[in-house]
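S.K.:
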Amino acid sequence: MMREKLQVVQAAAGAVFEEIAGDKIPVSFANDVAAMQVVREGVAICDRSHWGIIRVTDEDRIRFLHNQSTNDFQILKPGQGCDTVFVSSTARTIDLATAYVTEDAVLLIVSPNRRQYLIDWLDRYIFFADRVQLEDVTGETAIFSLLGTKSDEILAQLDLSSIIGQAYANHQLVQLQDVEIRVAVGSGLATPGYTLIVPADKAAIVWNHLIETGAVPLGDRVWEQLRIEQGRPVPDKELTEDYNPLEAGLWQTISFNKGCYIGQETIARLNTYKGVKQHLWGIRLNAPAEPGSIITVGEEKVGILTSYTDTEEGSFGLGYIRTKAGGVGLKVKVGEVIGEVVDVPFLTRSPDRSDSSTDAIHS
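Note that UniProt numbering has the sequence shown beginning at 1, numbered continuously upward.
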């Protein structure tokens, strides 16, 4: 395996490994509380190499992806990127992906448990005359996220400051320790930071250099806590056949001006007629609760809990709640647990909602 040297280095730093989506990844560095604090006050580094990377090439690649997902690829130039959602013909969510457009390809970072599914799904829509090639390059790469308020300082120390201040998902190829890496704006969460795509056989070199420069290692458990606190939806929890991307709060990933794409008619109709019947919210809880628990107001069922985490401030979850039930400040019960609905920074709301948070990280 090409990332074995990286795992040796991580193990020496106290990493505890588990297998996720067929990959062995560090879930903790025995520093979870400290790493969370570093995200708020410094800079942490998270190994996301178990996330998938699909390389889309050939002459029709931009048109193809434009027609297969929610965002506008035809306005993107090499060095730019976007978040986009792959949806079914009925606009049910398959995955939230990040796309980076290069001179000769588009790189898609996709969720760990959607890599093969998406390749198979996209392949079904490549017809005889289409000049599109799909390649799974996950095994050839490592993905690191720099997270935290001092991420810019790390890049400046490494002479990589040309990317600082650029728009979300803008990216550049740079040299670090004689290794060519791609650095992109955005950490993958609402926390400021950057995403680094690194050759797998050089990943240990880059990881070590970032640690030496001041980044603190952060395991997947802390990433999971952060993504729930911030409201990033993931497949099999918030992104399923039961929900569309408007309900999931992914308005920033949707172009309402582009032409037809898979699921477009349903999404346009929901937007035009204000037909979004439920929304994803954060829920502060007074005790732990199980995902799948029913959310009620009084005796009425209004939603379902999709994710749960313990935080320094107490119990916290994500859940879908019927639009008519209310939003921020709504008092609910999750099973037998008392909770209050709160907004979360990753998600955006319809621009015509009074509780809109359109200043989220991707807007």
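Note that CB positions come from ideal geometry on N, CA and C, so glycine has one too.
Small disclaimer: the values here were computed from a predicted structure and weren't measured.
Less than 6 angstroms between C-beta atoms, sequence neighbours within five positions excluded: which residues of the same chain meet that for residue 359?
M.R.: Mapped onto the sequence shown, residue 359 falls at position 359. Low per-residue confidence applies at residue 359: pLDDT is 32, beneath 50, and the placement is therefore not dependable, though the value from the model is reported in the following sentence. Excluding sequence neighbours, residue 359 sits near nothing in its chain.
S.K.: Under the assumption that residue 304 contacts residue 317 (Cβ atoms under 8 angstroms), give the Cβ distance between them as a whole number of angstroms.
M.R.: Residue 304 sits at position 304 when you count from the first residue of the sequence shown. Residue 317 sits at position 317 when you count from the first residue of the sequence shown. Not a contact, Cβ separation roughly 10 angstroms.
S.K.: For residue 258, does the three-state DSSP call read helix, strand or coil?
M.R.: Residue 258 sits at position 258 when you count from the first residue of the sequence shown. In this structure, residue 258 counts as coil in the three-state DSSP scheme.
S.K.: Give the straight-line distance between the Cα atoms of residue 356 and residue 132, rounded to the nearest whole angstrom.
M.R.: Working through the sequence shown from its first residue, we reach residue 356 at position 356. Working through the sequence shown from its first residue, we reach residue 132 at position 132. Any reading at residue 356 needs caution, since the residue's pLDDT is 34, under 50, leaving its predicted position unreliable; the model's value is listed next. Their Cα atoms are separated by approximately 38 angstroms.
S.K.: In whole angstroms, give me the CA-to-CA distance for residue 154 and residue 210.
M.R.: Indexing the sequence shown from 1 puts residue 154 at position 154. Indexing the sequence shown from 1 puts residue 210 at position 210. Rounded to the nearest angstrom, the two C-alpha atoms are 8 angstroms apart.
S.K.: Quick one, which of 19, 20, 18, 25 has its alpha-carbon nearest residue 6's?
M.R.: The sequence position of residue 6 within the sequence shown is 6, counting from 1. Of the candidates 19, 20, 18, 25, the one whose C-alpha sits nearest the C-alpha of residue 6 is 25.
S.K.: DSSP beta-bridge partners for residue 83?
M.R.: Along the sequence shown, read from residue 1 onward, the residue named residue 83 stands at position 83. Beta-bridge pairing links residue 83 to 98.
S.K.: Rounded to whole angstroms, what's the CA-CA distance from residue 255 to residue 30? Just pull it up for me.
M.R.: The residue given as residue 255 occupies position 255 in the sequence shown. The residue given as residue 30 occupies position 30 in the sequence shown. Looking at the two C-alpha atoms, the distance is approximately 42 angstroms.
S.K.: From which residue to which residue does the alpha helix (DSSP H) around residue 211 run?
M.R.: Within the sequence shown, residue 211 is the residue found at index 211, counting from 1. Run containing residue 211: 203–212, per the alpha helix (DSSP H) assignment.
S.K.: Using the Cβ count rule (16 or more neighbours within 10 Å means buried), how would you classify residue 361?
M.R.: Within the sequence shown, residue 361 is the residue found at index 361, counting from 1. Since pLDDT at residue 361 reaches only 37, below the 50 mark, its modelled position is unreliable, and no value is offered.
S.K.: When you compare each of 89, 140, 20 to residue 113 by their alpha carbons, which one comes out closest?
M.R.: Against the sequence shown, residue 113 aligns to sequence position 113. Cα-wise, what sits closest to residue 113 is 20.
S.K.: Tell me which residues share the same chain as residue 340 and place their Cβ nearer than 8 angstroms to its Cβ, disregarding the 5 neighbours each side in the sequence.
M.R.: For the purposes of this step, residue 340 is identified with residue 340 of the sequence shown, where counting begins at 1. Closer than 8 angstroms at the Cβ level, and outside the excluded window around residue 340, lie 283, 284, 329, 330, 331, 332.
S.K.: Quick check: the stretch 66–82 against the stretch 141–161, are there 3 or more CB pairs under 8 angstroms?
M.R.: Taking 8 angstroms as the limit for Cβ pairs, the verdict is that the stretch 141–161 does not touch the stretch 66–82.
S.K.: Roughly how many angstroms lie between the CA atoms of residue 252 and residue 84, to the nearest whole one?
M.R.: Translated into positions along the sequence shown, residue 252 becomes position 252. Translated into positions along the sequence shown, residue 84 becomes position 84. Cα to Cα, residue 252 sits roughly 9 angstroms from residue 84.
S.K.: Could you tell me which residues DSSP pairs with residue 320 in its beta bridges?
M.R.: The residue labelled residue 320 in the question sits at position 320 within the sequence shown. Note: residue 320 sits in a beta bridge opposite 280, 304.
S.K.: Span of the alpha helix (DSSP H) holding residue 5?
M.R.: The residue given as residue 5 occupies position 5 in the sequence shown. It spans 4–12 - the alpha helix (DSSP H) in which residue 5 sits, taken as one unbroken run.
S.K.: By Cβ distance below 8 angstroms, which residues in the same chain neighbour residue 193 in space, the five residues on each side in sequence not counted?
M.R.: Position 193 of the sequence shown, counted from the start, is the residue given in the question as residue 193. Contacts found: 43, 145, 146, 147, 148, 151, 186, 187.
S.K.: Is the CB-CB distance between residue 231 and residue 96 below 8 angstroms?
M.R.: Here the question's residue 231 lines up with position 231 in the sequence shown. Here the question's residue 96 lines up with position 96 in the sequence shown. Contact flag unset, no.
S.K.: Roughly how many angstroms lie between the CA atoms of residue 275 and residue 246, to the nearest whole one?
M.R.: Indexing the sequence shown from 1 puts residue 275 at position 275. Indexing the sequence shown from 1 puts residue 246 at position 246. Cα-Cα distance, rounded: 10 angstroms.
S.K.: Apply the 10 Å Cβ neighbour rule to residue 173 and answer buried if 16 or more other Cβ atoms are within range, or exposed otherwise.
M.R.: Indexing the sequence shown from 1 puts residue 173 at position 173. Exposed: under 16 other Cβ atoms inside 10 Å.
S.K.: Can residue 238 and residue 307 be called in contact, C-beta distance under 8 angstroms?
M.R.: As a first step, residue 238 is located in the sequence shown; it is residue number 238 there, counting from the start. As a first step, residue 307 is located in the sequence shown; it is residue number 307 there, counting from the start. Against a cut-off of 8 angstroms, the Cβ pair of residue 307 and residue 238 comes out as a contact.
S.K.: To the nearest angstrom, how far is the alpha carbon of residue 18 from that of residue 28?
M.R.: Numbered from its first residue, the sequence shown carries residue 18 at position 18. Numbered from its first residue, the sequence shown carries residue 28 at position 28. The alpha-carbon atoms of residue 18 and residue 28 are separated by roughly 9 angstroms.
S.K.: What residue range is occupied by the uninterrupted alpha helix (DSSP H) comprising residue 35?
M.R.: As a position in the sequence shown, residue 35 is number 35, starting the count at 1. 32–41 is the extent of the alpha helix (DSSP H) around residue 35.
S.K.: Enumerate in chain order the residues of its own chain whose CB-to-CB distance from residue 261 is below 8 angstroms, with the five nearest sequence positions on each side excluded.
M.R.: Residue numbering aside, residue 261 sits at position 261 when the sequence shown is read from its first letter. Taken in chain order, the residues that qualify are 66, 67, 68, 69, 70.
S.K.: Our contact map puts residue 204 next to residue 16 with C-beta atoms below 8 angstroms; I'd like the distance itself, whole angstroms only.
M.R.: To locate residue 204, count along the sequence shown from 1; it is residue 204. To locate residue 16, count along the sequence shown from 1; it is residue 16. In fact, because the Cβ distance is near 18 angstroms, the residues do not count as touching under 8 angstroms.
S.K.: Here's a check: name, in chain order, each residue in its chain whose Cβ is nearer than 7 angstroms to the Cβ of residue 364, leaving out the five neighbours to either side.
M.R.: The shown model of the chain, from 1 to 363, leaves out residue 364, and the question about it has no answer.
S.K.: Short check: CB of residue 32 to CB of residue 221, under 8 angstroms?
M.R.: Indexing the sequence shown from 1 puts residue 32 at position 32. Indexing the sequence shown from 1 puts residue 221 at position 221. It is a contact, given that the beta carbons lie within the stated cut-off.
S.K.: Thinking C-beta only, is residue 81 closer than 8 angstroms to residue 171?
M.R.: Stepping through the sequence shown from its first residue, residue 171 is reached at position 171. Stepping through the sequence shown from its first residue, residue 81 is reached at position 81. Taking 8 angstroms as the Cβ cut-off, residue 171 and residue 81 qualify as a contacting pair.
S.K.: Pick helix, strand or coil for residue 149, following the three-state DSSP scheme.
M.R.: Reading the sequence shown from its first residue, position 149 is the one you call residue 149. Residue 149: coil per DSSP, three-state reduction.
S.K.: Would you mind working out which of 35, 234, 52 sits nearest residue 94, comparing C-alpha positions?
M.R.: The residue you call residue 94 lines up with position 94 of the sequence shown. The option with the nearest alpha carbon to residue 94 is 234.
S.K.: Give the DSSP bridge partners of residue 25, in chain order.
M.R.: Walking along the sequence shown from the start, residue 25 turns up at place 25. In the DSSP output, where bridge partners are listed per residue, residue 25 has 18.
S.K.: How would you write the range of the beta strand (DSSP E) that residue 117 sits in, first residue to last?
M.R.: Working through the sequence shown from its first residue, we reach residue 117 at position 117. Segment 115–123 is the alpha helix (DSSP H) holding residue 117; no beta strand (DSSP E) there.
S.K.: Would you list the residues sitting across from residue 182 in a DSSP beta bridge?
M.R.: Against the sequence shown, residue 182 aligns to sequence position 182. Partner(s): 173, 197.
S.K.: Would you decide whether residue 354 is buried or exposed? Buried here means 16 or more other CB atoms lie within 10 Å of its CB.
M.R.: Start at 1 with the first residue of the sequence shown, and residue 354 comes out as number 354. Note on residue 354: pLDDT 38, under 50, position unreliable in the model; the coordinate value appears next. Exposed.
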